[in-house]
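Asks: I have a structure I would like to understand better, so I am pasting it below and will then ask my questions one at a time.
Residue numbers (our numbering): 8 to 246.
As structure tokens, then:
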């Protein structure tokens, strides 16, 4: 009597990362069958860090250029002597290179938040995906949307040149966002709208596709998950 052994499907993580961009249906089908996220996680962090480092000279220029506006908005800074203000400027400018650490910390937090939202609507829509499968989907989505987003933003900022940016906020808005539609909005609304741009919208769209394939939920809970993965981080960004 012969016994046939069924082997678990082997995933090609690099093909999956490419397919997320060119054939998302195939990518998420592969992730449902064989979740993989290690290489995608590492690549996202590397791309995000490279993007931040490339933008660092522009960030430093924008911070110095925008410091007078910061003084005007801060009563504490306004009360300082010019020498004290200069010392604050130098000290804070030196901290900008360490911003890459924040990128490496908050990027995985964003992936986790997206996974939790997907998990909630997996339950609401009576899907059958597990946390690990949804996590692998979120991490692979992050490669083009977070990692790629940082690289594209850096390239655009470098092409425009440092003189195009006079505040840190203007650097983060190097790519078009909804904030352009409300130039006179308040600080919090501007920050909320500034989060909603081409790459975050792209991420939300991929979440919607992933939910219908990886979790096998209906279109409504998939759309709600996609919407909240866009709006919840935007609200946190605006705080």
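C-beta atoms are modelled at their ideal positions from N, C-alpha and C, and glycine is treated no differently. For clarity, every value in this text was computed on a predicted model and none was experimentally measured.
Using only the alpha-carbon positions, how far apart do residue 204 and residue 212 sit?
Replies: In the chain shown, counting from the first residue as 1, residue 204 sits at position 197. In the chain shown, counting from the first residue as 1, residue 212 sits at position 205. Rounded to the nearest angstrom, the two C-alpha atoms are 12 Å apart.
Asks: Going by the CB atoms, is the gap between residue 220 and residue 21 shorter than 8 Å?
Replies: Within the chain shown, the letter at position 14 stands for residue 21. Within the chain shown, the letter at position 213 stands for residue 220. For residue 21 and residue 220, no; Cβs fall outside 8 Å.
Asks: Can you grab the Cα-Cα spacing for the pair residue 12 / residue 146, in whole Å?
Replies: Walking along the chain shown from the start, residue 12 turns up at place 5. Walking along the chain shown from the start, residue 146 turns up at place 139. Reliability of the predicted coordinates at residue 12 is poor, the pLDDT of 47 falling under 50, and no value is obtained from them.
Asks: Taking only beta-carbon positions, decide if residue 213 is within less than 8 Å of chain B.
Replies: The structure shown contains no chain B, having only a single protein chain.
Asks: For residue 98, count the other beta carbons within 10 Å of its own beta carbon; 16 or more makes it buried, fewer makes it exposed. Which is it?
Replies: Numbered from its first residue, the chain shown carries residue 98 at position 91. Per the 10 Å Cβ criterion, exposed.
Asks: Quick test of your reading: residue 110 and residue 55, contact by CB under 8 Å. State the CB separation rounded to the nearest angstrom.
Replies: Here residue 110 corresponds to residue number 103 of the chain shown, with the count starting at 1. Here residue 55 corresponds to residue number 48 of the chain shown, with the count starting at 1. Yes, residue 110 and residue 55 are in contact; Cβ-Cβ is about 5 Å, under 8 Å.
Asks: On the criterion of 16 or more Cβ atoms from any shown chain inside 10 Å, does residue 9 qualify as buried, or is it exposed?
Replies: Taking the first residue of the chain shown as position 1, residue 9 is located at position 2. Residue placement at residue 9 is flagged as unreliable, the pLDDT there being 45, under the threshold of 50; the coordinate-derived value follows with that caveat. Under this definition residue 9 is an exposed residue.
Asks: Once you ignore the five residues that flank residue 230 on each side, which residues in its own chain have a CB closer than 7 Å to its CB?
Replies: The count along the chain shown starts at 1 and reaches residue 230 at position 223. Hits under 7 Å: 215.
Asks: May I ask you to report which of helix, strand or coil DSSP gives residue 42?
Replies: The residue you call residue 42 lines up with position 35 of the chain shown. Residue state, collapsed to three classes: coil.
Asks: Could you tell me the boundaries of the alpha helix (DSSP H) in which residue 26 lies?
Replies: To locate residue 26, count along the chain shown from 1; it is residue 19. Note, residue 26: alpha helix (DSSP H), 20-29.
Asks: Out of 134, 154, 125, which has the shortest C-alpha to C-alpha gap to residue 141?
Replies: One-based indexing of the chain shown puts residue 141 at position 134. Ranking 134, 154, 125 by Cα distance to residue 141 puts 125 first.
Asks: State the Cα-Cα distance for the pair residue 28 and residue 100, rounded to the nearest angstrom.
Replies: Residue numbering aside, residue 28 sits at position 21 when the chain shown is read from its first letter. Residue numbering aside, residue 100 sits at position 93 when the chain shown is read from its first letter. If I take the Cα positions, the gap works out to 37 Å.
Asks: For the candidate residues 85, 202, 103, 182, whose alpha-carbon lies nearest to that of residue 63?
Replies: Locating residue 63 in the chain shown gives position 56, counting from the first residue. Considering only alpha carbons, the answer is 103.
Asks: Between the Cα of residue 138 and the Cα atoms of 127, 148, 158, which residue gives the shortest distance?
Replies: Looking up residue 138 in the chain shown gives position 131. Checked all of 127, 148, 158; the closest Cα to residue 138 is 127.
Asks: If I measure Cβ to Cβ from residue 217 and keep anything under 6 Å in the same chain, skipping five residues before and after, which residues do I get?
Replies: On the chain shown, residue 217 is found 210 positions in, with the first residue counted as 1. Correct list, in chain order: 35, 144.
Asks: Residues in its own chain within less than 8 Å of residue 114 by CB, not counting five upstream and five downstream?
Replies: In the chain shown, counting from the first residue as 1, residue 114 sits at position 107. So the qualifying residues of the chain are 51, 52, 55, 149, 153.
Asks: Please state whether DSSP places residue 103 in a helix, a strand or coil.
Replies: Here residue 103 corresponds to residue number 96 of the chain shown, with the count starting at 1. Residue 103 falls in the helix class under three-state DSSP.
Asks: Can you name, in chain order, every residue of its own chain whose Cβ lies under 6 Å from the Cβ of residue 96, other than the five neighbours on each side?
Replies: Taking the chain shown and counting its residues from 1, the one referred to as residue 96 is at position 89. If we look at residue 96 and ignore the five residues flanking it on each side, its Cβ neighbours are 74.
Asks: Hey, quick one: how far does the alpha helix (DSSP H) through residue 83 stretch, first residue to last?
Replies: Numbered from 1 along the chain shown, position 76 holds the residue referred to as residue 83. It spans 82-85 - the alpha helix (DSSP H) in which residue 83 sits, taken as one unbroken run.
Asks: As a quick exercise: from 151, 23, 179, pick the residue whose alpha carbon is nearest that of residue 163.
Replies: Indexing the chain shown from 1 puts residue 163 at position 156. Comparing Cα-Cα distances from residue 163 to each of 151, 23, 179, the minimum goes to 179.
Asks: Please say whether residue 69 and residue 129 have beta carbons closer to each other than 8 Å?
Replies: Position 122 of the chain shown holds residue 129. Position 62 of the chain shown holds residue 69. No. Outside cutoff.
Asks: Would you mind reading off the limits of the alpha helix (DSSP H) that contains residue 167?
Replies: Against the chain shown, residue 167 aligns to sequence position 160. Taken as a continuous stretch (DSSP letters only), the alpha helix (DSSP H) holding residue 167 covers 155-167.
Asks: What is the DSSP secondary structure of residue 173, counted as helix, strand or coil?
Replies: Your numbering for residue 173 matches position 166 in the chain shown. Looking at residue 173 - three-state DSSP - the assignment turns out to be coil, as it is neither helix nor strand.
Asks: Residue 135: buried (16+ other C-beta within 10 angstroms of its C-beta) or exposed?
Replies: Sequence index remark: in the chain shown, residue 135 carries index 128 (1-based). Counting Cβ neighbours within 10 Å, residue 135 comes out exposed, since fewer than 16 surround it.
Asks: Assuming residue 236 is part of the alpha helix (DSSP H), what are its boundary residues?
Replies: By one-based count along the chain shown, residue 236 stands at place 229. Looking at the DSSP string, the run of the alpha helix (DSSP H) that includes residue 236 is 226-244.
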